[in-house]
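Using the working numbering, read the sequence shown as starting at 423 and increasing by one per residue.
Working notes for the structure below.
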Amino acid sequence: MSTVVCPECEAQVGLDDGTEVGEIIVCSDCGVDLEVIAINPAAAQLAPMEQEDWGE
Numbered sequence: 423m424s425t426v427v428c429p430e431c432e433a434q435v436g437l438d439d440g441t442e443v444g445e446i447i448v449c450s451d452c453g454v455d456l457e458v459i460a461i462n463p464a465a466a467q468l469a470p471m472e473q474e475d476w477g478e
């Protein structure tokens with residue numbers, strides 16, 4: 423299992439086998455959403471906030 427460092431709290435977050443680039447994971451320490459941006463080496467960044475479309 424690979425791990426990434428949470429950019430918010432610097433905790434080690436494990437990536438399950440089969441995790442893909444673009445997948446959203448949650449930091450088990452601070453609860454922030456992270457987007458996987460690379461697998462080898464493993465890397466993640468804060469996930470972009472979802473935009474409301476208000477039915478447009």
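All residues carry an ideal CB built from backbone N, CA and C; glycine is no exception.
Own chain, CB closer than 7 angstroms to residue i, minus 5 neighbours either side, in chain order
i	result
Asp-451	Cys-428, Cys-431, Ala-433
Ile-459	Val-443, Ala-465, Ala-466, Gln-467
Top-ranked residue by Cα proximity to residue i, from the options
i	options	result
Ala-469	Ile-446, Gly-453, Met-423	Ile-446
Gly-440	Thr-425, Gly-453, Glu-472, Gln-467	Thr-425
Close beta carbons around residue i, own chain, < 6 angstroms, minus the five adjacent residues each side
i	result
Gly-436	Met-423, Thr-425
Val-454	Glu-430
Own chain partners of residue i with C-beta closer than 8 angstroms, once the 5 adjacent residues on each side are dropped
i	result
Gly-438	Looking at the sequence shown, residue 438 is not Gly but Asp. Excluding residues within five positions, the ones whose Cβ falls inside 8 angstroms are Met-423.
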